[in-house]
Structure formats: structure tokens, C-alpha cells
Amino acid sequence: MNRIWNSVVGKLWGTILLLVLFVLFIVTVLMLEFLEDFHTQQAEESLRQEAATIGKIVEQHDEVEDSLEIIQDILGSETNALIVRNSESVFLSVHEGLNKDVIKDKILDDTDLAKIYTSDKTIIKKTLMPSMTFEDRMENYIILASPLESDKEKHGAVFIYQSLEVVNKTSNSTTKIVFLSGFIALLLTTMFTFFLTSRITSPLRSMREAALELAKGNFETKVPYLQRDEIGELGSAFNRMGRQLKHHVEVINQEKEQLSSILTSMTDAVITFNKDFNVIVSNPQADQLFQKWYANNETTNNSHLPAELHHLLDHVFNLEEEIDEELEIKGAYFSVSISLLYSKDSVRGAVVVLRDKTEQHRLDKMRSDFIANVSHELRTPISMLQGYSEAIIDDVVTTEEDKNEMIRVIYDESKRMGRLVTELLDLARLESGYLSIYKEEVSIIPTIERITQKFDQIAKEKNIQLAFEHTLSEGLYLQIDEDRMEQVLTNLIDNALRHTPDDGAVKVKLAHANQKITIEVADTGYGIPKEDLPYVFERFYKADKARTRGKSGTGLGLAIAKNIVERHNGSLSVESEVGIGTTFFIKLPLS
161 MNRIWNSVVG
171 KLWGTILLLV
181 LFVLFIVTVL
191 MLEFLEDFHT
201 QQAEESLRQE
211 AATIGKIVEQ
221 HDEVEDSLEI
231 IQDILGSETN
241 ALIVRNSESV
251 FLSVHEGLNK
261 DVIKDKILDD
271 TDLAKIYTSD
281 KTIIKKTLMP
291 SMTFEDRMEN
301 YIILASPLES
311 DKEKHGAVFI
321 YQSLEVVNKT
331 SNSTTKIVFL
341 SGFIALLLTT
351 MFTFFLTSRI
361 TSPLRSMREA
371 ALELAKGNFE
381 TKVPYLQRDE
391 IGELGSAFNR
401 MGRQLKHHVE
411 VINQEKEQLS
421 SILTSMTDAV
431 ITFNKDFNVI
441 VSNPQADQLF
451 QKWYANNETT
461 NNSHLPAELH
471 HLLDHVFNLE
481 EEIDEELEIK
491 GAYFSVSISL
501 LYSKDSVRGA
511 VVVLRDKTEQ
521 HRLDKMRSDF
531 IANVSHELRT
541 PISMLQGYSE
551 AIIDDVVTTE
561 EDKNEMIRVI
571 YDESKRMGRL
581 VTELLDLARL
591 ESGYLSIYKE
601 EVSIIPTIER
611 ITQKFDQIAK
621 EKNIQLAFEH
631 TLSEGLYLQI
641 DEDRMEQVLT
651 NLIDNALRHT
661 PDDGAVKVKL
671 AHANQKITIE
681 VADTGYGIPK
691 EDLPYVFERF
701 YKADKARTRG
711 KSGTGLGLAI
721 AKNIVERHNG
731 SLSVESEVGI
741 GTTFFIKLPL
751 S
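Heads up: the sequence shown is residues 161 to 751, going by this note's numbering.
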């Protein structure tokens, strides 16, 4: 029911129905008032004519019996008459029904009607008298008194009276006809309203369904418009709106995809914030930063940002200025560019672009450290070469034996410089990819055993136990560059022997697991401090601690070894504990 009243059909039907009811009500009230007056006037006119006719008859006939039949024929149905020859005696009474004497006495005793005996004008009066058809019931009557023989000073009168129920019956019949007409008008109005509104609401319902489809994103929806009126024009406008919406949505989606592709392909992290520091848009690089900050517990104030970036954004929002800064966050370096977003005249957010410059900082530091280390490594042999050369040139050395000793030192230092330069060139070629790796199938067990046995004599001289162990099956082959892998193992075993005290032990182990060959070089030497472990494979790494014991070295061996192993698609790692020993792990894939 509520659905009908809330629809256009229900509202139009209710409006037209109320309008028709209101009009019918006004028309009915006016018509009933008019009909009541009309019927009353008709009754009065009829009574006048009948009274005039009866008066003439009475004047012409002296005998009551002669005039009674004629008077009864003249009187209409439910109309009665009372004729008084003079004011004292009743000449004739025509009454059909009950309460004859009561009505007669009431008429004769009425003071208003009694004036007719001395007046020559007709008197009409409405009064309440007993009913002629029902006992103990009062009805309204209309009484007309007409003068009889009015030329006399005191004359008689003709009293004609009629119950107004006749008029009421006529009015009731008319009312029924009016109400029947109103009911028929309501039926016709309802049919016309529903026909008209269906013609209007049917296309409107189609537009509503089409609008719902548009809201779901189905922009291919069309509204059929066959009419050439305002509704047809509305349907045409609706279809044009659908086409425009489809076009604009496609343009927006293309721009969105383009923006998303640009943001995704950027190497920098791009984040859009509102003024509440909530993230609106971010690219994958920014999401990786967020995950890293969460994992390291670097966020603050229940936000996605580290404290440093949070304070920088707060500064930008407060001063409403754009900035470009370099920021350090927990050891990582970022170039930060912040641009403001405006809504009319107020700031609604900011776009933050973060460029990770940690690697650049690391490379810059490595470059400066490399120059410093090369300078440091070359300064000592060059100083010695220069000093001993000057001593020989200036004839400071007096004996041939001292001169030969100086020449030997100059020769050793020149060889040391040569090794340093050669290793630098090898490392540069390895890192640049210019140093070729020639792989071939090599039986791994005898190869590693042969390389280990090269150091037996050195181990015996230092009273160090050198052992080779393996759990591999015989005849296992591996695709490697034997010369380069021998260079790696030579460096690792030599380091182990140099940094292991007397009566220590060095073991070389071979194992096979997860489609990989693992080569372990373990010693019981001095060990490497935990804080130095991340740097052991860097160039010129030589921690000035007890493990060096003044042993010479260029500090490039482990860096070269790591590069060679990685060129074999393997990995080189280290585990160490001070005072217990160090173990290097070489893992090479079988295929």
C-alpha cells in the first residue's frame, strides 16, 4: 500500500481523486440547496393555483356535496384542504390520513393564519404538526391560506396544507442520482487517471531501471523513447547523458591507468598524504618502504611514517611551503621532495617523493675508502723503495752485504706492489665482467684434495693439523673454472693457516645437500669480531685486531674470491667467533 502511495501513479490518482471529490461535494451541496428551494417554490406555486381554483368553485357552489368531488380531483396527492366560509364555521374539510381533528384545530387556532380572515393576501407558513401516516410522529408542513370572498370586510378562507416529506422524497431521489453520478465520475476518473499515468510513468519506470543500471556501471543501457513530447525528449537526453558518462568514465580510467603505470614504473617512492597524515595514494616502492619501516619498528604516533619524515611533513603543513631535503632514517639515506596539494585556497595534503640514495652514499664511501686504502697500501712500499734507493745512490751503505739486503727489500716491495696492482686489475675485471671464466667438468674430490695438499708443508712448519674430509661419492663432477676456484681455495686456506696459532687445526670439508656442493674451510684461529663480519669481503678489509698479528696482505683476496664464486652462480659466506675460529662456506650448484 505504501508503495502505491509513494509512486507517481498513486500520487496523481490521489490528487485527481481528491480534486474530483471536492468538486463533487461542492456541486452536490449547491445542487441540493437549489433543488430544495426549487421544490419548495414549486409546491408553493402549486398550492396557490389549487387554492385559487378551489376558492372559485366554493363561491360558485353553495352545496358541499356538489363541490366535494371537484375539490378532491383538483387537490394533488398528499394535499389536503380546509375551507372556512366565514371565520366561525368550517364549510368543507378534505383530509386523507390520521390526526384530522388535531391538524384542523391547530390550523384554525394559529394566530398567524387567522389574519387571513381580514386580509386579501395569501399567507404561507411552515409549521410542525402530527403526521398523517404515522402515529406519534411530527412532520413539517407547508400551509397556504388564501382569502375567500375577499371583497367582504371579514371573509372566509381556503387552507391547503401538504407535508414537506414529499419535497424531501424528491430531494432524496435527486441526491441519490447525484451520488450515483459522482460514483460513476469517480470510476471514470480512476480509469482515466491510471490510463494517463501509465502513459507517463511507463517511460519513467524504464528510465529508473536504466538509471539503476548506469549506477551499476552498465553504460550501454538505452531508454526507448517513442513519444515526441517532453518525456520523449527526456529519454533522448538520458541516452545522451549515458553516452557522455561512458566517455568520461573511459577517459578517467585511461588517465588512472596511465597514472598507475607511471607510479608503478617509477623507481622512487611516491606517497600522497592528507592533512591527517593518512596515506591516500602510494606506489609499490612506497609500500615496500612501509613494510620495511613496520618490520624495523621505525614508525611513530600510530602512523605509517618514521619520526623524521613525520616531523618534516608536520613542518610543511604548518608553514605551507614546499621543500627538498636529504634525510637519514635509521642508517638509510633519502632525497625527500614534498609538494603541497591545494583545495581552493587551503592545503588539503601533500605529495612526497622519496629517492633511496643509500647505495649512492655507500658507493661514494667505497670510492673514497678505495682511494684512501690504495694510497695507504702503496705509500709504504713506495716509501721503502724511495728510502733504500736513496741510501744506495748516496753510498750510505758501505758493505756489499748491506747493499744486497737493501736490493732484496726493494725487490720484495716491488713484487708486493706488483701483486697489489695485479689483484686490483683482476678485481676490476671480475666486477666489470671482462675477466672470462672457462668452465669445464672437473672431478671435485681429487681437485679439492690436491689444492689442500699444497699447504701440507706450511702446516707442518707451523705445527698446524691440516685435514681434508668429504661425504661425497666418488666420481662426482662439477662445472667450474679449475684455475679460478684454486685461486679462491688457495686464498681461504692460506688465510686460515696465517691466522691460526701453533698447534691449531684447519679442515677442508666437502658435502652435498639440496643440489649444491658445499666447501667448508674451518680453522681454530683467532676469529673475527661480530661487528667486522659484514665487511670481510670488502676491498682492503684488514681489521687491526689480534687476528692479523702483523701478517701482511693486500686486503683484496676475499673480495676477489667472492666475485669468482658468484661468477660460478654460487655464494661465499662466513661464520666466526672470537677465540674459537672461523669457517668460510662455498656453495656451488650442481647444474
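All C-beta atoms, glycine included, are put in the ideal place defined by N, C-alpha and C.
Please confirm whether Lys-285 and Asp-272 have their CB atoms less than 9 Å apart.
The count along the sequence shown starts at 1 and reaches residue 285 at position 125. The count along the sequence shown starts at 1 and reaches residue 272 at position 112. Yes, the pair counts as a contact, with Cβ atoms nearer than the cut-off.
In whole angstroms, what separates the C-alpha of Thr-708 from that of Asn-655?
Position 548 of the sequence shown, counted from the first residue, corresponds to residue 708. Position 495 of the sequence shown, counted from the first residue, corresponds to residue 655. Interpretation of Thr-708 is limited by its pLDDT of 42, a score under 50 that renders its predicted location unreliable; the figure taken from the coordinates is listed afterwards. Distance between the alpha carbons of Thr-708 and Asn-655: 10 Å.
### Query
If we ignore side chains and look at the alpha-carbon of each, how far apart do Phe-343 and Thr-188 end up?
Along the sequence shown, one-based indexing puts residue 343 at 183. Along the sequence shown, one-based indexing puts residue 188 at 28. Roughly 12 Å between the two C-alpha positions.
### Task
With DSSP as the reference, please indicate the residues paired to Gln-639 in a beta bridge.
Locating residue 639 in the sequence shown gives position 479, counting from the first residue. For Gln-639, which the question treats as bridged, DSSP gives the partners Glu-601.
| Cβ-based burial, Pro-307 [other Cβ within 10 Å; buried from 16] | Reading the sequence shown from its first residue, position 147 is the one you call residue 307. It counts as buried.
Practice task
Take Lys-669 as the anchor and find which of Thr-282, Arg-658, Gly-685 and Thr-631 has the nearest alpha-carbon.
Solution key: Translated into the one-based positions of the sequence shown, residue 669 becomes position 509. When each option's Cα is compared against that of Lys-669, the closest is Thr-631.
Pick out whichever of Ile-597, Leu-235, Gly-392 and Ala-203 has its Cα sitting closest to the Cα of Ile-840.
-> Lying before the first or after the last residue shown, residue 840 is absent from the chain, which here runs from 161 to 751.
**Study point:** Tyr-321 and Leu-304 closer than 9 Å at C-beta
**Key:** The residue you call residue 321 lines up with position 161 of the sequence shown. The residue you call residue 304 lines up with position 144 of the sequence shown. Cβ distance < 9 Å, so Tyr-321 and Leu-304 count as in contact.
Requested in this report: Please name the residue in Ile-570, Leu-636, Arg-539 and Asn-564 whose C-alpha comes closest to that of Ser-549.
Outcome: Start at 1 with the first residue of the sequence shown, and residue 549 comes out as number 389. Comparing Cα-Cα distances from Ser-549 to each of Ile-570, Leu-636, Arg-539 and Asn-564, the minimum goes to Ile-570.
### Message
According to DSSP, Ser-731 sits in a beta bridge with which residue or residues?
### Response
Here residue 731 is taken as the residue at index 571 of the sequence shown, counted from 1. Paired residues: Lys-747.
Does the stretch 496–508 come within contact of the stretch 467–485, defined as at least 3 CB pairs closer than 8 Å? yes
Exposed or buried, Asn-651, counting other C-beta atoms within 10 Å across all chains shown (16 or more means buried)?
-> Walking along the sequence shown from the start, residue 651 turns up at place 491. Buried: at least 16 other Cβ atoms inside 10 Å.
DSSP state of Arg-508 mapped onto helix, strand, coil: In the sequence shown, counting from the first residue as 1, residue 508 sits at position 348. Note: Arg-508 maps to strand in three-state DSSP.
- Query: Near Ala-665, which residues of its chain fall below 6 Å by C-beta distance, leaving aside the five closest residues on each side in sequence?
  - Reply: To locate residue 665, count along the sequence shown from 1; it is residue 505. Contacts found: Gln-625 and Thr-684.
Discussion item. Applying the 10 Å Cβ sphere with the 16-neighbour rule, what's the burial state of Gln-752?
Written reply: Residue 752 falls outside the range modelled here, since the chain spans only 161 to 751, and no answer is possible.
- Query: By Cβ distance, which residues of its chain are closer than 6 Å to Ile-604, with the 5 residues on each side in sequence left out?
  - Reply: Here residue 604 is taken as the residue at index 444 of the sequence shown, counted from 1. Once the five neighbours on either side are set aside, the close Cβ partners of Ile-604 are Leu-636 and Leu-638.
key: Range of the contiguous beta strand (DSSP E) that encloses Phe-494   = To locate residue 494, count along the sequence shown from 1; it is residue 334. Unbroken beta strand (DSSP E) run through Phe-494: 492–503.
Counted within 10 angstroms of its Cβ, other Cβ atoms place Phe-352 as buried (16 or more) or exposed: For the purposes of this step, residue 352 is taken as the residue at position 192 of the sequence shown. It is exposed - the Cβ of Phe-352 has fewer than 16 other Cβ atoms within 10 Å.
Sub-9 Å separation of Ile-440 and Phe-433 beta-carbons:
By one-based count along the sequence shown, residue 440 stands at place 280. By one-based count along the sequence shown, residue 433 stands at place 273. Taking 9 Å as the Cβ cut-off, Ile-440 and Phe-433 qualify as a contacting pair.
Report task. In the DSSP assignment, find the alpha helix (DSSP H) that holds Met-289 and state where it starts and stops. Result -> Locating residue 289 in the sequence shown gives position 129, counting from the first residue. From DSSP, Met-289 is part of no alpha helix (DSSP H) but of the beta strand (DSSP E) over 283–290.
#### Entry: Span separating the alpha-carbon of Gln-404 from that of Glu-417
Within the sequence shown, the letter at position 244 stands for residue 404. Within the sequence shown, the letter at position 257 stands for residue 417. The straight-line gap from Cα to Cα measures roughly 20 Å.
Check your understanding: Going by C-alpha distance, which of Gln-520, Leu-657 and Leu-195 is nearest Lys-620?
Key -> By one-based count along the sequence shown, residue 620 stands at place 460. Of Gln-520, Leu-657 and Leu-195, the residue nearest in Cα terms is Leu-657.
Q: Name the two residues that bound the continuous beta strand (DSSP E) containing Lys-266.
A: For this step, residue 266 is matched to residue 106 along the sequence shown. No beta strand (DSSP E) contains Lys-266, which is instead part of the alpha helix (DSSP H) from 260–268.
Please state if the CB of Leu-268 and the CB of Val-254 are separated by a distance shorter than 9 Å. Residue numbering aside, residue 254 sits at position 94 when the sequence shown is read from its first letter. Residue numbering aside, residue 268 sits at position 108 when the sequence shown is read from its first letter. No, the Cβ-Cβ distance between Val-254 and Leu-268 is not below 9 Å.
*Extent of the continuous beta strand (DSSP E) to which Leu-304 belongs*: Working through the sequence shown from its first residue, we reach residue 304 at position 144. Counting along the chain, the beta strand (DSSP E) containing Leu-304 begins and ends at 298–308.
For Asp-662, which of Leu-372, Ala-370 and Asn-623 has the nearest alpha-carbon? Taking the first residue of the sequence shown as position 1, residue 662 is located at position 502. For Asp-662, the nearest C-alpha among the options comes from Asn-623.
Buried or exposed: which applies to Gln-613, given that a residue is buried once 16 or more other Cβ atoms fall within 10 Å of its Cβ? Residue mapping note: residue 613 aligns to position 453 of the sequence shown, counting from 1. Result: exposed.
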